[in-house]
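First the structure, in the form of structure tokens, and then the observations on it.
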Amino acid sequence: MADISNNFVGIKSPNPFWLASAPPTDKAYNVIRAFRAGWGGVVWKTLGEEGPPVVNVNGPRYGAIWGADRRLLGLNNIELITDRDLQVNLREIKQVKMDWPDRAIVVSLMVPCEEHAWKAILPVVEETGADGIELNFGCPHGMSERGMGSAVGQVPEYIEMVVRWCKANTRMPVITKLTPNITDIRKPARAALAGGTDAVSLINTINSITGVNLDSFAPEPTIDGKGSHGGYCGPAVKPIAMNMVAEIARDPETHGLPISGIGGITTWRDAAEFMALGAGNVQVCTAAMTYGFKIVQEMIAGLENWMDEKGHASLDDIVGRATPNVTDWQYLNLNYIAKAHIDQEACIKCGRCHIACEDTAHQAITAIVDGVRHFEVIEAECVGCNLCVNVCPVENCITMEPLAVGVMDQRTGKPVSPVYANWTTHPNNPMAKVAAE
Numbered sequence: 001m002a003d004i005s006n007n008f009v010g011i012k013s014p015n016p017f018w019l020a021s022a023p024p025t026d027k028a029y030n031v032i033r034a035f036r037a038g039w040g041g042v043v044w045k046t047l048g049e050e051g052p053p054v055v056n057v058n059g060p061r062y063g064a065i066w067g068a069d070r071r072l073l074g075l076n077n078i079e080l081i082t083d084r085d086l087q088v089n090l091r092e093i094k095q096v097k098m099d100w101p102d103r104a105i106v107v108s109l110m111v112p113c114e115e116h117a118w119k120a121i122l123p124v125v126e127e128t129g130a131d132g133i134e135l136n137f138g139c140p141h142g143m144s145e146r147g148m149g150s151a152v153g154q155v156p157e158y159i160e161m162v163v164r165w166c167k168a169n170t171r172m173p174v175i176t177k178l179t180p181n182i183t184d185i186r187k188p189a190r191a192a193l194a195g196g197t198d199a200v201s202l203i204n205t206i207n208s209i210t211g212v213n214l215d216s217f218a219p220e221p222t223i224d225g226k227g228s229h230g231g232y233c234g235p236a237v238k239p240i241a242m243n244m245v246a247e248i249a250r251d252p253e254t255h256g257l258p259i260s261g262i263g264g265i266t267t268w269r270d271a272a273e274f275m276a277l278g279a280g281n282v283q284v285c286t287a288a289m290t291y292g293f294k295i296v297q298e299m300i301a302g303l304e305n306w307m308d309e310k311g312h313a314s315l316d317d318i319v320g321r322a323t324p325n326v327t328d329w330q331y332l333n334l335n336y337i338a339k340a341h342i343d344q345e346a347c348i349k350c351g352r353c354h355i356a357c358e359d360t361a362h363q364a365i366t367a368i369v370d371g372v373r374h375f376e377v378i379e380a381e382c383v384g385c386n387l388c389v390n391v392c393p394v395e396n397c398i399t400m401e402p403l404a405v406g407v408m409d410q411r412t413g414k415p416v417s418p419v420y421a422n423w424t425t426h427p428n429n430p431m432a433k434v435a436a437e
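The numbering of the sequence shown is full-length UniProt numbering, which starts it at 1 and goes up by one.
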């Protein structure tokens with residue numbers, strides 16, 4: 001059987017599935033239940049500095065986006081860092097680590113952007129025996145208005161500075177959690193690396209308002225008639241998270257920097273995709289909040305079964321395997337030609353492919369043939385956009401079939417070329433023309 005044990009910057013766990021810093025990791029009770037269910041590690045909910053605990057709202061804390069079947073697609077939260085006393089959290093972390101030595105416990109931290117504040121909290125966390133710390137530079141609400149969270153994560157110079165403070169004052173591995181609320185994720189990752197971080201984790205939540213109550217005209221969730229922006233997470237953010245993970249993994253300046261992938265991971269397949277793009281392990285939150293801690297058992301079994309089926313002996317066989325295949329648009333092969341094909345036996349004659357193509361694409365699918373309702377691709381009009389594949393309700397009914405080299409493309413009247421050619425060499429590219437001249 002495949003070995004899915006994980007060693008992330010020296011932090012060992014029996015599997016790569018960690019719970020992210022969030023309500024599921026707020027106290028020993030939750031964490032113990034998670035470990036009993038099979039989670040490989042946790043990132044303890046963010047601790048703040050000694051003193052009066054943070055105050056959270058006492059009303060609704062979550063907004064949601066649902067699919068047509070009311071499946072939870074996205075969750076918006078306005079909860080802050082832990083509102084439990086620092087000393088209580090520290091005692092619990094120490095005890096849980098003693099009782100579960102084979103599981104990873106990383107402690108998320110957020111204190112004011114002042115060196116003395118970090119110097120004060122690092123030794124007391126280290127004394128618990130925790131395996132590492134995660135610097136919360138991502139929280140987009142509440143704490144950011146106080147100069148912490150994403151207020152730090154959006155300024156690369158601050159990131160580098162705080163990471164340096166932490167590396168100088170603790171033996172523990174430092175994981176820097178990045179905010180997605182930024183134009184270019186590579187810049188904060190580079191700053192964290194320059195500061196000496198051992199790894200980065202991403203993405204934290206995305207700044208959002210998920211809905212407006214059209215009776216009260218207040219954002220959801222609503223607190224006494226008012227609402228606020230919050231952090232968006234769940235399956236809907238997965239594509240954004242994977243792109244940012246890939247950007248860091250393939251950036252020459254951060255290549256090789258360990259990454260803990262976060263963002264909408266719900267199944268073993270999601271986890272495998274993140275790891276294929278360069279993540280060394282993954283962190284999960286919304287899926288556990290939606291389905292409970294035992295969801296990890298399906299993740300573990302699914303990942304092991306897939307790895308066995310494909311002949312992957314360990315996680316090292318899959319981490320980063322897809323990264324070389326992520327490229328910029330300008331390098332895509334413009335001589336690759338594919339056409340949609342409809343399996344007539346699988347087709348249920350719903351017509352969605354025709355409507356989508358007729359109204360919004362390239363008028364390349366018939367509706368009637370010889371007076372009979374019939375949906376078929378008109379190859380001379382098909383540009384291979386695959387919109388029909390994505391709107392078809394029947395899996396694998398419509399597929400994209402590449403044309404072989406030498407076959408005539410009915411749309412252009414030209415045979416498929418065996419030569420790789422991209423936008424940088426295309427005659428329509430003004431820069432290519434300048435270079436040619």
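Built from N, CA and C at the ideal position, the CB exists for glycine as well.
Exercise for the section: Whole angstroms is fine: what's the gap from N390's alpha carbon to I368's? Expected result: Position 390 of the sequence shown, counting from 1, holds the residue named residue 390. Position 368 of the sequence shown, counting from 1, holds the residue named residue 368. Spanning the two alpha carbons is a distance of roughly 22 Å.
Exercise for the section: Please say whether E381 and H362 have beta carbons closer to each other than 7 Å? Expected result: Position 362 of the sequence shown, counted from the first residue, corresponds to residue 362. Position 381 of the sequence shown, counted from the first residue, corresponds to residue 381. Taking 7 Å as the Cβ cut-off, H362 and E381 qualify as a contacting pair.
Exercise for the section: Would you mind giving the Cβ-Cβ distance between K12 and S108, rounded to the nearest angstrom? I have them listed as a contact below 8 Å. Expected result: Your numbering for residue 12 matches position 12 in the sequence shown. Your numbering for residue 108 matches position 108 in the sequence shown. In fact, because the Cβ distance is near 19 Å, the residues do not count as touching under 8 Å.
Exercise for the section: Would you mind stating whether A22 and V96 have Cβ atoms separated by less than 7 Å? Expected result: Looking up residue 22 in the sequence shown gives position 22. Looking up residue 96 in the sequence shown gives position 96. Going by C-beta atoms, A22 is not nearer than 7 Å to V96.
Exercise for the section: Just list the beta strand (DSSP E) runs in the segment 117 to 168, keeping only unbroken ones of 3 residues or longer that don't cross its boundaries, in chain order. Expected result: 132 to 136
Practice task
Express the C-alpha separation of V200 and N281 in angstroms, rounding to a whole number.
Solution key: Taking the first residue of the sequence shown as 1, we reach residue 281 at position 281. Taking the first residue of the sequence shown as 1, we reach residue 200 at position 200. Between N281 and V200, the C-alpha separation is close to 11 Å.
Problem - Three-state class that DSSP yields for E220 in the structure shown - result: Position 220 of the sequence shown, counted from the first residue, corresponds to residue 220. Correct three-state label for E220: coil.
Problem - V377 classed as buried or exposed, judged by whether at least 16 other C-beta atoms fall within 10 angstroms - result: Here the question's residue 377 lines up with position 377 in the sequence shown. Looking at its Cβ environment, which holds 16 or more other Cβ atoms inside 10 Å, V377 is buried.
Handout entry: contact_flag[the segment 172 to 186, the segment 200 to 216] where n(CB pairs < 8 Å) is 3 or more
Key = yes
Practice task
For C233, name the three-state secondary structure that DSSP assigns.
Solution key: Working through the sequence shown from its first residue, we reach residue 233 at position 233. DSSP places C233 in strand when its eight states are reduced to three.
Handout entry: Candidates P415, C347, R70, G384, of which the one nearest V394 by Cα
Key = What you label residue 394 is simply residue 394 of the sequence shown in a count that begins at 1. For the residues P415, C347, R70, G384, the minimum Cα distance to V394 belongs to C347.
Exercise for the section: Look at the alpha carbon of G195 and the alpha carbon of W306, and state the distance between them as a whole number of angstroms. Expected result: For the purposes of this step, residue 195 is taken as residue 195 along the sequence shown, with counting starting at 1. For the purposes of this step, residue 306 is taken as residue 306 along the sequence shown, with counting starting at 1. If you take the alpha carbons of G195 and W306, they lie about 38 Å apart.
Handout entry: CA-to-CA distance, G311 to S260, given in whole angstroms
Key = Residue numbering aside, residue 260 sits at position 260 when the sequence shown is read from its first letter. Residue numbering aside, residue 311 sits at position 311 when the sequence shown is read from its first letter. So the alpha carbons of these two residues sit roughly 24 Å apart.
Problem - I295 and A287 closer than 7 Å at C-beta - result: Here residue 295 refers to the residue found at position 295 when the sequence shown is read from its first residue. Here residue 287 refers to the residue found at position 287 when the sequence shown is read from its first residue. Yes. Within cutoff.
Practice task
Identify whether W100 lies in helix, strand or coil by the three-state DSSP scheme.
Solution key: Residue mapping note: residue 100 aligns to position 100 of the sequence shown, counting from 1. Here W100 sits in coil by DSSP.
Problem - Closest by C-alpha distance to D184, when choosing among F217, G132, E247, I206 - result: By one-based count along the sequence shown, residue 184 stands at place 184. Ranking the options by Cα distance to D184, first place goes to E247.
Problem - Pairwise C-alpha distance: N6 and G302 - result: One-based indexing of the sequence shown puts residue 302 at position 302. One-based indexing of the sequence shown puts residue 6 at position 6. If I take the Cα positions, the gap works out to 16 Å.
Handout entry: Rounded C-alpha distance that separates A37 from W423
Key = Here residue 37 refers to the residue found at position 37 of the sequence shown. Here residue 423 refers to the residue found at position 423 of the sequence shown. When rounded, the distance between both Cα atoms is 51 Å.
Practice task
May I ask which residues mark the beginning and end of the alpha helix (DSSP H) holding N30?
Solution key: Taking the sequence shown and counting its residues from 1, one reaches residue 30 at position 30. Note, N30: alpha helix (DSSP H), 28 to 37.
Handout entry: Straight-line Cα distance separating V152 from V43
Key = For the purposes of this step, residue 43 is taken as residue 43 along the sequence shown, with counting starting at 1. For the purposes of this step, residue 152 is taken as residue 152 along the sequence shown, with counting starting at 1. Distance between the alpha carbons of V43 and V152: 20 Å.
Handout entry: When Q283, E49, I121 are compared against A241, the one with the closest alpha-carbon
Key = Translated into the one-based positions of the sequence shown, residue 241 becomes position 241. The option with the nearest alpha carbon to A241 is Q283.
Handout entry: Test item: CB-CB of G41 and A104 under 7 Å
Key = One-based indexing of the sequence shown puts residue 41 at position 41. One-based indexing of the sequence shown puts residue 104 at position 104. Against a cut-off of 7 Å, the Cβ pair of A104 and G41 comes out as a contact.
Exercise for the section: Output the residue ranges of the beta strand (DSSP E) runs that lie fully inside the segment 386 to 437 and measure 3 residues or longer, sorted by chain position. Expected result: 398 to 402
Problem - Spatial neighbours of G234 in its chain, beta-carbon cut-off 7 Å, leaving aside the 5 residues before and after - result: Here residue 234 is taken as the residue at index 234 of the sequence shown, counted from 1. L72, L73, G74, L75, G264, T286, listed in sequence order.
Exercise for the section: May I ask you to list the residues that DSSP assigns as paired with I175? Expected result: As a working mapping, residue 175 is identified with position 175 in the sequence shown. Answer is E134, A199.
Handout entry: Supposed contact pair A421 and N333 - C-beta distance, whole angstroms, cut 8 Å
Key = If you number the sequence shown from 1, residue 333 lands on position 333. If you number the sequence shown from 1, residue 421 lands on position 421. Contact holds; Cβ gap of about 7 Å.
Exercise for the section: State yes or no: is the C-beta of L135 within less than 7 Å of the C-beta of T82? Expected result: Along the sequence shown, one-based indexing puts residue 135 at 135. Along the sequence shown, one-based indexing puts residue 82 at 82. Cβ atoms of L135 and T82: not closer than 7 Å.
Problem - V407 versus C385: straight-line alpha-carbon distance, rounded - result: By 1-based counting over the sequence shown, the position of residue 407 is 407. By 1-based counting over the sequence shown, the position of residue 385 is 385. Straight-line Cα distance between these residues: approximately 19 Å.
Handout entry: Beta-bridge partners of G41, as assigned by DSSP
Key = Here residue 41 is taken as the residue at index 41 of the sequence shown, counted from 1. W18, A104.
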